[in-house]
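Engineer: To start, I am sharing the structure in question, which I have written as structure tokens.
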Amino acid sequence: RSRGRSSIRPKKNPQTPAALVRWGTRPYQETIAGKLENIYQLAEKHNLKPPLITIIGGVVNLRNKLRWFDNKPLFGKTILITRSREQASIFSQSLEELGAYCLEYPLIKIVPLENKTRLNKALINLKKYDWLIFTSQNAVNHFIKYLKDLRKLSGIKIAVIGSSTAKALENYYIKADLIPKKFIAESLIKEFKKINLKNKNILIPRAEAARDILPEELKSQGANVEVIPIYKTILEEDEKEELIKLFKENKINLITFTSSSTVKNFDGLIGKEIKDLLKNVKILCIGPITAKTAYDLGYKVNALPEEYSISGMVKECLKLFSKGGN
565 RSRGRSSIRP KKNPQTPAAL VRWGTRPYQE TIAGKLENIY QLAEKHNLKP PLITIIGGVV
625 NLRNKLRWFD NKPLFGKTIL ITRSREQASI FSQSLEELGA YCLEYPLIKI VPLENKTRLN
685 KALINLKKYD WLIFTSQNAV NHFIKYLKDL RKLSGIKIAV IGSSTAKALE NYYIKADLIP
745 KKFIAESLIK EFKKINLKNK NILIPRAEAA RDILPEELKS QGANVEVIPI YKTILEEDEK
805 EELIKLFKEN KINLITFTSS STVKNFDGLI GKEIKDLLKN VKILCIGPIT AKTAYDLGYK
865 VNALPEEYSI SGMVKECLKL FSKGGN
């Protein structure tokens, strides 16, 4: 016989509380609670598979008081993010902090234009412009990259569409002179109608493919408008089989679209293959222009944010999945 304390321990009471946690603190965490006598059967019933941790003892009874992660407002919701690869992570992080499980599926890639002849000419003659208009944060970042010296903007008024675009400017310590209340071109046009633009020179550096409503309306007010493409969006091919599988398994709760380009590319890549699977999937668009593109392609848009920005979309996600929402 060995000396000292016996290595044989008494058996646990079958009524001892027990719990199994799968993927703990992840947005797709699963937890079941029971007793030692039935926890195995519960795991089989719920098809709970590794990775798992097992918790045994009275602490299991404190779950309702201590639980915090799975009480987050978007916990258990899977959201498909269709922004460009460069911008998807910011949106995803905001939603994941609220408990959502985000799938980033970049559909567009932002690339600079190779031919910068017109841009270089505009930068040399920058002092001739009265107004500089940015319609996206991509336009801000690419323009400032080529500008190099912020002092060249002295004396030029700057207008932007959207809080995200204004924030991009602020990152370079530049404050916009004009931001419309609604973050669409039509709202900016309305604000410019209050200003005498006759013979004013306006520069709009923007994406290669963009709507012409803004420059055309400004020209009708007597302005000399120069539109210079400084970047373009291209289709980013990616593996789609796994994504289609998730739609077939009814595991995606929401699709977000932040531009008309993402809607068109989504429809072109996988939309036609899963449209009949979208009955229980909500769709959120960043604004009315993007929503119209979705409508025209046959999608049902469930919501638009009050503020046409990423922060506005995050708020709208909370509304969509508030208590009682699916």
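For the sequence shown, this note's numbering assigns the number 565 to the initial residue and increments by one for each residue that follows. No residue lacks a Cβ here, since even glycine has one placed at the ideal position from N, Cα and C.
#1: Classify T681 as buried or exposed, calling it buried when 16 or more other Cβ atoms lie within 10 Å of its own Cβ.
#2: Note down, in chain order, each residue of its chain lying with its Cβ closer than 7 Å to the Cβ of I743, except the 5 sequence neighbours on either side.
#3: Secondary structure at Y669, three-state DSSP: helix, strand or coil?
#4: By the DSSP assignment, the beta strand (DSSP E) with L616 in it spans what residues?
#5: Excluding the 5 residues preceding and the 5 following I853 in the sequence, name in chain order all residues of the same chain whose CB lies nearer than 7 Å to its CB.
#6: Let me check one thing: in DSSP terms, what residues is L638 bridge-paired to?
#7: Sorted by chain position, which residues of the same chain lie with C-beta nearer than 6 Å to V878's C-beta, five sequence neighbours on each side aside?
#8: Secondary structure at L891, three-state DSSP: helix, strand or coil?
#9: Please classify T618 as buried or exposed, where buried requires at least 16 neighbouring CB atoms within 10 angstroms.
#10: Only counting the same chain, and skipping five residues up and downstream in sequence, which positions put a Cβ closer than 7 Å to that of H706?
#11: For E661, name the three-state secondary structure that DSSP assigns.
#12: For A582, name the three-state secondary structure that DSSP assigns.
#13: From what residue to what residue does the alpha helix (DSSP H) around N844 run?
#14: Taking Cβ positions, are V791 and I816 nearer each other than 8 Å?
#15: One question on the structure: do I688 and C666 come within less than 8 Å of each other, judged by their Cβ atoms?
#16: Where does P769 sit, in a helix, a strand or coil, going by DSSP?
#17: Kindly give me the distance between the Cβ atoms of L848 and N866, rounded to whole angstroms, as I take these residues to be in contact under 8 Å.
#18: So within the stretch 754–836, which uninterrupted beta strand (DSSP E) runs reach at least 3 residues, ignoring any that extend past its ends?
#19: Use the C-beta contact count for Y872: other C-beta atoms within 10 angstroms, 16 or more gives buried, fewer gives exposed.
#20: Do the stretch 774–791 and the stretch 732–743 make contact, defined as three or more Cβ pairs closer than 8 Å?
#21: For the alpha helix (DSSP H) containing G719, name the first residue and the last one.
#22: Of the residues L690, K809, G876, Q593, which one's Cα is nearest the Cα of K721?
#23: Got a sec? Which residues, its chain only, sit under 6 Å from I603 by beta carbon, not counting five neighbours each side?
#24: Per DSSP, what kind of secondary structure is K746 in: helix, strand or coil?
#25: Of the choices G726, R770, L600, whose alpha-carbon is the least far from that of S751?
Structural biologist: For this structure:
#1: Counting Cβ neighbours within 10 Å, T681 comes out exposed, since fewer than 16 surround it.
#2: Here the set comprises V724, A730.
#3: Coil at Y669, not helix or strand.
#4: Boundaries of the beta strand (DSSP E) around L616: 616–620.
#5: Result list for I853: I748, S824, in chain order.
#6: DSSP lists no beta-bridge partner residue for L638.
#7: Only S658 meet the Cβ criterion.
#8: There is no way to answer for residue 891, as the model of the chain reaches only from 565 to 890.
#9: Counting C-beta atoms within 10 angstroms of its own C-beta, T618 has fewer than 16 neighbours from the protein chains shown and is therefore classed as exposed.
#10: Hits under 7 Å: P676, I794, Y795.
#11: E661: coil per DSSP, three-state reduction.
#12: Strand at A582.
#13: It is not in any alpha helix (DSSP H) - N844 carries neither H nor E in the DSSP assignment.
#14: No, the pair does not count as a contact, with Cβ atoms beyond the cut-off.
#15: For I688 and C666, no; Cβs fall outside 8 Å.
#16: DSSP, read as helix, strand or coil, puts P769 in strand.
#17: With 8 Å as the limit, L848 and N866 qualify as a contact, their Cβ atoms being about 7 Å apart.
#18: Taken in chain order, the whole beta strand (DSSP E) runs of length 3 or more contained in the stretch 754–836 are 765–771, 788–799, 818–821.
#19: The residue in question, Y872, is buried, as its Cβ has 16 or more Cβ neighbours within 10 Å.
#20: The stretch 774–791 makes no contact with the stretch 732–743, as fewer than three CB pairs between them are under 8 Å.
#21: Unbroken run through G719: none, as it is neither H nor E.
#22: If we check each option's Cα against that of K721, L690 comes out closest.
#23: Excluding residues within five positions, the ones whose Cβ falls inside 6 Å are A582.
#24: Under the three-state reduction of DSSP output, K746 falls in the coil class, being neither helix nor strand.
#25: Shortest Cα-Cα distance from S751 to any of G726, R770, L600 involves G726.
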